[in-house]
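Chains as they are written, first to last, in the numbering used here: chain A, 13 to 328; chain B, 30 to 351. Ideal Cβ placement from N, Cα and C applies to all residues, glycine included. Small disclaimer: the values here were computed from a predicted structure and weren't measured.
This is the structure in C-alpha cells:
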C-alpha cells in the first residue's frame, strides 16, 4: 500500500520497479509535494530571505542614492555613469587585476607542480595534509603571521634579506610591493588546496594511458605535455574558474594588513566597495560597484569555460 | 608508475609469485644506485613542506619570546628571552602593569569573550546549516515533486553570486531588524542553508540505494522516520565531513562578523585579532602577544585537523571540482 503514494517516475539513479504498476492515488503531478515542502521549508526561508531578496534588492539599490538614513531615492543610471569616470574605481580595478594575475599565475603553476609531486612521488596523506594546513587557518591569521614575518625592522624575511647584503624591503609599506606581497601571502595560503584539487584530477586519468606512453618510450616531458595536460584540462579550467573568482574577491588580507594603502596601492575592488558602504555610507554607489563586480565575475567564468572548453573532456 | 605497485607484494610473498608478477610487467626498472630525478623531486617536496610549516614554527617561536627582546634577536631561531608572558597577556592573566613592562599595550583584550563568541557562532551555524541543508537535500534527491529540478537550479544559481553582493542588503536588513551586534545577526544568514551544503549532500543522497528505503516503506515507515533513521545514519560520513568544513569556514569568517558584530560582547576571534593588531602602541607593536593570540585562535582548527585531517584531505577534489 505504501508504494502507492510514490510517483511512477524512475528515481534518480535508482531502480524503476517501485510503483510502476501501482495506481497513483494523489495525482501524477503532485507526488511528495507536501512532504517536500516540509523538508525544504527551513532552507527555503534562508534562501529567499538571505539570498534571493538581497540579490534583487542589491540590484535595485544600485539605481538609488541611499545613505542608510532615510529612504533610497531612485536616480536611474547615475551611479553607473559616475563610476565610469571614477578614477578610484579604475584604480581599484587595475589593482585587483594586478593582484589576480600575480596570485593566480604563481598559484596555479606551483599547485600543478605540487600536484604532480603528490601524484608521482610523495603519496602520503600526511604530506597532503601538511600542505593543506595554511588553507585551514583563517585569512586574518595568515595575514597577521606574514605581516609580522615581513615586517621592515624585525621580520625574519627582511633579516634574511639583510644577511645577503641586499637592502630591506618595505613589503606592505611601499606602493610597488604591497600588491605583490599580498598576492604572495595568498599564494602561500592557497597553493596546497589548489594542488589537492588538481591532484584529484590527476587521479582520474586512467593508468593505462601512461603505461601505453611508457611502452612507446615517450619521454617524461612529452608525457606531461602530450597526455597529462590535455587530459587534465577540464579539471584545470574548473580550478581556474573557482580560484580566479575567489581571487577577485580578496578582502581579508588587505583589510588586516594595509587597509588599501599606502595611498591607493592596494585598494582592491572589494575594499573599495566596503569603504564606500561603511565609511562613506554610500550604499547606492557601493551596490552599483558590487553589481559591476558580479557582472565581471560572471563574464570571467563564462569566458574561461568557453575559451578553454572546460566542459569538454579529451578523454574519449 | 608501474614500478611502485609490485613492491607492495614483496614482503612475505613466495618468489614464484614475484617472478610471475615481473614477467607480466617487463617495464620494471632494475634498482639504480641513485635516481637523481626522484631525489630532486623529493627535495622539492621537502622544500614545499618547509615553506608550509616553518611560518607556523615562527609563530610559536615569537609567541614564546619576550616582546622587548625581539628587537635584539630578530634573526635568532630560538625564542628570544623565553617567556610565557605573551600567552598570559592574551588570556588576561597579567595585570596591565606587567603587560606593559613586557611590551604589551596594557589594554584589556577580552580574548575569552572572543573565543566564546567564536565557539557559539561556529557551533550554531554548523548545526543549523548541516541539518537544514540535509533536509533540503533529501527533498531534492529522494522525494518526487513538480518543479524540483527548477527550484534546485535556482538554489545552485545563487552559488554564482559573490558574497559581497548579498552582504550589503543583508546588512541593511539585519540593521532594520535591530539585530546588529547580536548573535542572531551574525548567525542567521548562514543558519538555514548554503547552496554548496545542499549540493554536497544531494550528491550522496542520490547515490544511496533505494532498496533500503523501500524496505522501510513496506514497513509502513513515514518519510520523517526514513529520513532520521535511514538516510541520516547512512550519510554519517559525508555529514561529518560537511560539518567539519562548515565549522572551519565559519570559524575563519571575517567579512560578515566585521559588518554586523563589531561590539565587544559578540565580537568573534577573527574580528578581535584585527582590533588587537590596531591596538598595538605606535612604533612598538606587541608582536609576541599578537602571535600568541593568533596561535590560540588557530588552535581549534589545528586540533580538528589533526583529529579528522584525513577526511578533509580526501573530501577535497570531490567537493571542490565535481
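Could you work out which residues of chain A lie near residue i, taking near to mean beta carbons separated by less than 8 angstroms?
i, result
"residue 162 of chain B", "55"
"residue 78 of chain B", "139, 142 and 143"
"residue 190 of chain B", "63, 67 and 306"
"residue 67 of chain B", "133"
"residue 257 of chain B", "In chain order: nothing, as chain A lies at least about 12 angstroms away."
Spell out the partners DSSP gives residue i in its beta bridges.
i, result
"residue 85 of chain A", "A/77"
Among the candidates the options, whose CA atom is the shortest distance from the CA of residue i?
i, options, result
"residue 300 of chain A", "A/64, A/76 and A/60", "A/76"
"residue 270 of chain A", "A/189, A/294, A/82 and A/58", "A/189"
"residue 164 of chain A", "B/141, B/76 and B/100", "B/100"
"residue 164 of chain B", "B/328, B/228 and B/333", "B/228"
"residue 52 of chain A", "B/168, B/213, B/277 and B/198", "B/168"
"residue 78 of chain A", "A/61, A/244 and A/288", "A/288"
"residue 155 of chain A", "B/327, B/332 and B/235", "B/327"
"residue 291 of chain B", "B/334, B/264 and B/215", "B/215"
"residue 193 of chain B", "B/315, B/304 and B/288", "B/288"
"residue 279 of chain A", "A/173, A/110 and A/293", "A/110"
"residue 105 of chain A", "A/173, A/247, A/308 and A/90", "A/308"
"residue 290 of chain A", "B/211, B/204 and B/237", "B/204"
"residue 95 of chain B", "B/83, B/178 and B/110", "B/110"
"residue 189 of chain B", "A/317, A/319, A/313 and A/215", "A/313"
"residue 329 of chain A", "A/187, A/268, A/172 and A/231", "Outside the displayed range of chain A (13 to 328) lies residue 329 of chain A, so it cannot be described from this structure."
"residue 89 of chain A", "A/74, A/82 and A/81", "A/74"
"residue 330 of chain B", "A/125, A/141, A/234 and A/93", "A/141"
"residue 272 of chain A", "A/191, A/226 and A/204", "A/191"
"residue 129 of chain B", "B/318, B/332 and B/181", "B/318"
"residue 230 of chain B", "B/176, B/267, B/86 and B/300", "B/267"
"residue 322 of chain B", "B/342, B/285, B/88 and B/264", "B/88"
"residue 333 of chain B", "A/67, A/149, A/167 and A/268", "A/149"
"residue 146 of chain B", "B/298, B/224 and B/315", "B/298"
Hey, quick one: how far does the alpha helix (DSSP H) through residue i stretch, first residue to last?
i, result
"residue 188 of chain A", "187 to 215"
"residue 230 of chain A", "First-last for residue 230 of chain A: undefined, no H or E at that position."
"residue 131 of chain A", "99 to 132"
"residue 281 of chain B", "265 to 281"
"residue 159 of chain A", "151 to 161"
"residue 212 of chain B", "212 to 220"
"residue 232 of chain B", "224 to 236"
"residue 55 of chain A", "45 to 59"
"residue 242 of chain A", "241 to 260"
"residue 118 of chain B", "114 to 119"
"residue 320 of chain B", "316 to 344"
"residue 110 of chain B", "Element bounds for residue 110 of chain B: n/a, residue is neither H nor E."
"residue 177 of chain B", "177 to 186"
"residue 293 of chain B", "Looking at the DSSP string, residue 293 of chain B is not in any alpha helix (DSSP H), and its letter there is neither H nor E."
"residue 268 of chain A", "264 to 269"
"residue 291 of chain A", "Counting along the chain, residue 291 of chain A falls outside any alpha helix (DSSP H), and DSSP gives it neither H nor E."
"residue 94 of chain A", "90 to 96"
Are there any heavy atoms of the ligand ZN lying less than 7 angstroms away from the beta-carbon of residue i, as far as the coordinates show?
i, result
"residue 70 of chain A", "Absence of the ligand ZN from the depicted structure is noted, as is the absence of any ligand whatsoever, leaving it without description."
For a contact defined as C-beta to C-beta under 7 angstroms, what are the partners of residue i on chain A?
i, result
"residue 262 of chain B", "Correct list: empty, because the minimum Cβ distance to chain A is about 17 angstroms."
"residue 199 of chain B", "62 and 66"
"residue 216 of chain B", "Result: empty, since nearest Cβ-Cβ is about 11 angstroms, beyond 7 angstroms."
"residue 227 of chain B", "55"
"residue 81 of chain B", "142, 143, 145, 146 and 204"
"residue 143 of chain B", "Those do not exist, as residue 143 of chain B stays about 12 angstroms from chain A at its closest Cβ, beyond 7 angstroms."
"residue 167 of chain B", "51"
I want to verify the contact list: residues of chain B whose CB lies under 7 angstroms from the CB of residue i, in sequence order.
i, result
"residue 173 of chain A", "Correct list: empty, because the minimum Cβ distance to chain B is about 11 angstroms."
"residue 137 of chain A", "339 and 342"
"residue 126 of chain A", "77"
"residue 268 of chain A", "303 and 306"
Can you pull the chain B neighbours of residue i, defined as C-beta to C-beta under 8 angstroms?
i, result
"residue 237 of chain A", "In chain order: nothing, as chain B lies at least about 17 angstroms away."
"residue 43 of chain A", "172, 173, 174 and 175"
"residue 302 of chain A", "191, 193, 194 and 197"
Below 9 angstroms on C-beta distance, what does residue i contact in chain A?
i, result
"residue 187 of chain B", "59, 63, 64 and 67"
"residue 221 of chain B", "54, 55, 56, 57, 58, 59, 61 and 62"
Counting only Cβ pairs nearer than 9 angstroms, list the residues of chain B close to residue i.
i, result
"residue 129 of chain A", "70, 71, 73, 74 and 77"
"residue 248 of chain A", "Here the premise fails: no neighbours, minimum Cβ distance about 10 angstroms."
- Message: Beta carbons nearer than 8 angstroms to chain B: which residues of the region 304 to 324 of chain A have them?
- Response: Listed in sequence order: 305, 306, 309, 310 and 313.
- Taking a Cβ distance cut-off of 7 angstroms, strictly less, list which residues of the region 95 to 122 of chain B are near chain A, in chain order. So the list reads 99, 100, 103 and 104, given in the order they occur along the chain.
- Message: Short of 9 angstroms Cβ to Cβ, which residues in the region 265 to 286 of chain B face chain A?
- Response: For the region 265 to 286 of chain B, which is checked against every Cβ of chain A, the residues closer than 9 angstroms are 277, 280, 281, 282, 283 and 284.
- Query: Taking Cβ-Cβ distances below 8 angstroms as the criterion, which residues of the region 80 to 111 of chain A are in contact with chain B?
  - Reply: So the list reads 80, given in the order they occur along the chain.
- Could you run through the region 298 to 309 of chain B and flag, in chain order, every residue whose CB is less than 7 angstroms away from some CB of chain A? Considering only beta carbons, the part of the region 298 to 309 of chain B lying closer than 7 angstroms to chain A consists of 299, 302, 303 and 306, in chain order.
- Message: Under 7 angstroms, CB to CB, which of the residues in the region 315 to 332 of chain B have a partner in chain A?
- Response: Listed in sequence order: 316, 319, 320, 323, 326, 327 and 330.
- Message: Any C-beta of chain B within less than 8 angstroms: which residues of the region 136 to 165 of chain A qualify?
- Response: Answer in chain order: 137, 139, 140, 141, 142, 143, 144, 145, 146, 148, 149, 150, 151, 152, 153, 156, 157, 158, 159, 160, 161, 163 and 165.
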